[in-house]
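Right, one structure below, let's go through it.
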Amino acid sequence: MSKVIVVTSGKGGVGKTTTVANIGTGLALLNKKVVLLDADIGLRNLDVVMGLENRIVYDLVDVVEGICKLRQALIRDKRFEELYLLPAAQTKEKTAVTPEQMKELCDKLKQDFDYILIDCPAGIEHGFKNAVAGADNAIIVTTPEVAAVRDADRIIGLLEASELPGPKLVINRLRSDMVKKGDMMDIEDMIEILAIELLGVVPEDEKIVISTNKGEPAISDPASKAGQAFRNISRRIEGEDVPLMNLEVENSFMERLKIFFGLKR
Amino acid sequence: MLILKGTKDGLLIILRNIESITEFEEKLKEKFSKSKDFFAGADVIIDLGEMQLSVEEKQKIIEIIEKDYFMNLTEIRNYNHSQKFLRKETITPAAETFFVKKTLRSGQKINHDGNVVILGDVNPGAEVIATGDIFVFGVLRGIAHAGASGDNKAIVTAFRLQPTQLRIADKISRAPDGMVFTPSFPEVALIKGERIYIEPYFCNLEKSKEGI
Ligand SMILES: Nc1ncnc2c1ncn2[C@@H]1O[C@H](COP(=O)(O)OP(=O)(O)OP(=O)(O)O)[C@@H](O)[C@H]1O
Ligand SMILES: [Mg+2]
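Given below as structure tokens:
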């Protein structure tokens with residue numbers, strides 16, 4: 001049973017691309033066949049984060065337009081045999097692809113992969129509709145900011161309307177020092193408003209910036225706390241019950257948050 | 266003397282040799298002391314026999330029956346005359362009420378001619394507009410506008426009332442800036458005088474509306 005998961009947020013710059021790169025690598029570490037699909041046409045950067053920019057010959061639009069075969073456009077990862085990237089077109093218009101074509105493409109990829117992770121562009125326009133069209137699961141990324149949570153809520157509403165129910169939440173760039181001082185929204189507040197299942201909490205971590213620039217997702221760095229959080233998230237996607245780690249969450253929230261994971265026994 | 270009788274048209278109250286409204290009130294209190302709530306909502310017919318009442322006295326009786334005992338006075342009659350009262354509709358017909366069985370999320374908007382009941386939250390960035398009342402069985406964090414076509418008797422109630430902005434008829438109030446005390450009980454917003462007030466919500470809303 002392959003899964004098509006779209007990673008989306010509404011607000012830009014909250015960590016969608018980072019999440020796709022890390023979870024994709026994490027699932028590959030768990031011996032899954034994974035393809036990362038960059039649906040951010042015109043502003044691609046998943047290839048850069050994965051360090052694969054220099055290998056791009058064909059892109060998603062080429063595949064859809066029949067200029068090349070799907071197989072020709074898939075780029076294999078540097079380290080993982082079963083991890084692939086289908087890059088976005090850098091130069092073409094977003095409207096070059098229709099939702100129907102995206103759906104067709106995802107159905108084709110399902111035959112060869114366990115996971116298809118789609119990096120969605122910011123916003124709720126054409127690019128969002130494309131990215132969502134072929135997906136059967138969604139991960140919503142937000143940061144602990146009022147504006148990001150507001151946009152995440154809007155996206156969840158749109159997903160409900162387009163019959164893509166049960167999205168899961170990733171809270172990115174949490175700084176427990178700021179939450180403690182009351183300068184940042186806490187996890188409980190966010191979950192209360194969004195009312196969806198929490199998949200994981202990724203702390204603010206400068207290693208993300210370093211690894212992004214190196215083109216090696218932080219998940220493969222054992223010293224990275226964000227990497228650890230993404231490893232946990234990957235395992236949860238695979239259906240494992242992984243408790244939230246301490247650095248992800250304030251201790252006092254642990255008890256209540258277990259409810260959302262269904263860990264209460 | 267005051268006699269109570271159950272009939273197919275409602276509760277018949279027979280008055281004989283009652284000298285004043287005060288005496289009527291006392292006798293009524295005696296009879297209903299244990300069963301006041303039981304008769305709430307019942308239709309009531311008053312039989313005066315040979316007694317004659319002034320318009321003011323009748324008015325007073327209607328008030329006592331309806332406001333103190335929450336019953337509907339349908340008829341006052343004496344030996345040669347009957348005065349019937351139209352049954353008042355206390356509940357707005359269901360057809361005018363729109364039920365939303367989910368949480369309204371940011372960017373979503375309901376605009377309805379009538380009452381709106383939301384079985385979920387109204388999140389920040391979501392909006393509910395109704396010409397009638399708005400009831401939120403959840404947390405109201407977004408914008409609500411009751412009595413949108415000018416009805417200043419319209420109300421907004423919520424299980425938790427934490428709106429970004431509230432409007433009733435042409436009055437607007439917004440959440441105070443900064444940290445806000447948020448009570449953990451249901452509240453109601455209504456117009457009193459020139460302003461929107463927020464109060465704890467009690468079941469007998471008609472009472473709090475009276476204070477307008
Ligand atoms: N947990 C984190 N700690 C520190 N920096 C982070 C973290 N997550 C993301 N960033 C940084 O935030 C920036 C934006 O991240 P990213 O590109 O993944 O966001 P995005 O949602 O894909 O943006 P866009 O909407 O533009 O596509 C990047 O510079 C990234 O390195
Ligand atoms: Mg991105």
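These protein sequence lines are chains A and B, in that order.
Be aware that the first sequence starts at 1, since it is given in the numbering used here, and climbs by one per residue.
Be aware that the second sequence starts at 266, since it is given in the numbering used here, and climbs by one per residue.
Here a beta-carbon is modelled for each residue, glycine too, at the ideal position from N, C-alpha and C.
To the nearest angstrom, how far is the alpha carbon of residue i from that of residue j?
i: glutamine 228 (chain A); j: alanine 148 (chain A); result: 23 Å
i: glycine 271 (chain B); j: isoleucine 310 (chain B); result: 10 Å
i: lysine 325 (chain B); j: glutamate 290 (chain B); result: 10 Å
i: asparagine 213 (chain A); j: isoleucine 116 (chain A); result: 24 Å
i: glycine 390 (chain B); j: arginine 439 (chain B); result: 14 Å
i: glycine 42 (chain A); j: arginine 406 (chain B); result: 36 Å
i: valine 63 (chain A); j: glutamate 238 (chain A); result: 29 Å
i: arginine 370 (chain B); j: cysteine 68 (chain A); result: 42 Å
i: isoleucine 408 (chain B); j: glycine 397 (chain B); result: 15 Å
i: glutamate 197 (chain A); j: glutamate 340 (chain B); result: 59 Å
i: leucine 17 (chain A); j: valine 453 (chain B); result: Per the sequence presented here, residue 17 (chain A) reads as threonine, with leucine not at that position. The alpha-carbon atoms of threonine 17 (chain A) and valine 453 (chain B) are separated by roughly 44 Å.
i: asparagine 282 (chain B); j: glycine 314 (chain B); result: 9 Å
i: serine 285 (chain B); j: glycine 415 (chain B); result: 42 Å
i: glycine 182 (chain A); j: leucine 174 (chain A); result: 12 Å
i: tyrosine 58 (chain A); j: valine 132 (chain A); result: 22 Å
i: asparagine 345 (chain B); j: serine 319 (chain B); result: 16 Å
i: isoleucine 5 (chain A); j: isoleucine 437 (chain B); result: 43 Å
i: lysine 457 (chain B); j: glutamate 145 (chain A); result: 37 Å
i: lysine 225 (chain A); j: glutamine 427 (chain B); result: 36 Å
i: leucine 338 (chain B); j: asparagine 380 (chain B); result: 27 Å
i: methionine 245 (chain A); j: aspartate 186 (chain A); result: 16 Å
i: alanine 360 (chain B); j: histidine 377 (chain B); result: Bear in mind that a pLDDT of 46 at alanine 360 (chain B), under 50, signals an unreliable position, so the model cannot answer this.
i: isoleucine 171 (chain A); j: glycine 51 (chain A); result: 25 Å
i: glutamate 82 (chain A); j: alanine 218 (chain A); result: 18 Å
i: glutamate 93 (chain A); j: phenylalanine 363 (chain B); result: 42 Å
i: leucine 36 (chain A); j: threonine 142 (chain A); result: 20 Å
i: lysine 374 (chain B); j: isoleucine 140 (chain A); result: 22 Å
i: alanine 411 (chain B); j: alanine 434 (chain B); result: 6 Å
i: threonine 98 (chain A); j: aspartate 77 (chain A); result: 27 Å
i: lysine 129 (chain A); j: asparagine 137 (chain A); result: 14 Å
i: glutamine 250 (chain B); j: arginine 342 (chain B); result: Nothing can be reported for residue 250 (chain B): it is not among the residues displayed for chain B, which extend from 266 to 477.
i: leucine 266 (chain A); j: threonine 25 (chain A); result: There is simply no residue 266 (chain A) to check, as chain A begins at 1 and stops at 265 in what is shown.
i: glycine 15 (chain A); j: phenylalanine 402 (chain B); result: 34 Å
Please confirm whether any heavy atom of ligand 1 lies closer than 7 Å to the CB of residue i.
i: arginine 173 (chain A); result: yes
i: aspartate 205 (chain A); result: yes
i: arginine 14 (chain A); result: A quick correction: the sequence has valine, not arginine, at residue 14 (chain A). Yes, ligand 1 has a heavy atom inside 7 Å of this Cβ.
i: serine 9 (chain A); result: yes
i: aspartate 38 (chain A); result: no
i: threonine 18 (chain A); result: yes
i: threonine 142 (chain A); result: no
i: threonine 212 (chain A); result: yes
i: valine 209 (chain A); result: yes
i: valine 179 (chain A); result: no
i: valine 6 (chain A); result: no
i: valine 382 (chain B); result: no
i: alanine 122 (chain A); result: yes
i: valine 202 (chain A); result: yes
i: alanine 391 (chain B); result: no
i: leucine 226 (chain A); result: The residue asked about is misnamed: residue 226 (chain A) is alanine in this sequence, not leucine. Answer for alanine 226 (chain A): yes, Cβ within range of ligand 1.
At a CB-CB cut-off below 8 Å, which residues of chain A make contact with residue i?
i: serine 264 (chain B); result: Coverage of chain B is limited to positions 266 through 477, which leaves residue 264 (chain B) absent and any answer about it impossible.
Run through chain B and tell me which residues come within less than 8 Å of residue i, C-beta to C-beta.
i: isoleucine 193 (chain A); result: Asp386, Asn388, Pro389 and Arg406
Give me the DSSP bridge partner(s) of residue i.
i: valine 179 (chain A); result: Answer is none; valine 179 (chain A) lacks a bridge partner.
i: leucine 267 (chain B); result: B:Leu280
i: valine 35 (chain A); result: A:Tyr84 and A:Ile116
i: lysine 349 (chain B); result: B:Glu340
i: arginine 439 (chain B); result: B:Gln430
i: threonine 447 (chain B); result: Threonine 447 (chain B) pairs with nothing; no bridge assigned.
i: lysine 374 (chain B); result: B:Glu392
i: leucine 29 (chain A); result: According to DSSP, which records beta bridges pairwise, leucine 29 (chain A) is partnered with nothing at all.
i: valine 381 (chain B); result: B:Phe363 and B:Ile399
i: threonine 422 (chain B); result: B:Phe400 and B:Val453
i: histidine 126 (chain A); result: In DSSP, histidine 126 (chain A) forms no bridge with anything.
i: glutamate 464 (chain B); result: B:Val453
Does ligand 2 have a heavy atom nearer than 7 Å to the CB of residue i?
i: aspartate 119 (chain A); result: yes
i: asparagine 22 (chain A); result: no
i: asparagine 31 (chain A); result: no
i: asparagine 268 (chain A); result: No information on residue 268 (chain A) is available, as it lies outside the stretch 1 to 265 that chain A covers here.
Check whether the Cβ of residue i lies closer than 8 Å to any Cβ atom in chain E.
i: threonine 91 (chain A); result: Of the protein chains in the structure, A and B, none is chain E.
Given that residue i touches chain A, what residues does it touch there, using C-beta distances under 7 Å?
i: threonine 368 (chain B); result: Ala195
### Query
Hey, which unbroken runs of the beta strand (DSSP E) at 3 residues or more fall wholly within the region 191-258 of chain A?
If one requires a minimum length of 3 residues, the beta strand (DSSP E) runs lying completely within the region 191-258 of chain A are 197-203, in chain order.
### Task
Only counting runs of 4 or more residues, tell me where the alpha helix (DSSP H) segments fall wholly within the region 144-177 of chain A, in order along the chain.
Correct list: 146-161.
### Task
Report the residue ranges of all beta strand (DSSP E) runs contained in full by the region 295-320 of chain B; include only those spanning at least 3 residues, in chain order.
Counting only unbroken stretches of 3 or more residues, the beta strand (DSSP E) elements lying wholly within the region 295-320 of chain B are 308-312, in sequence order.
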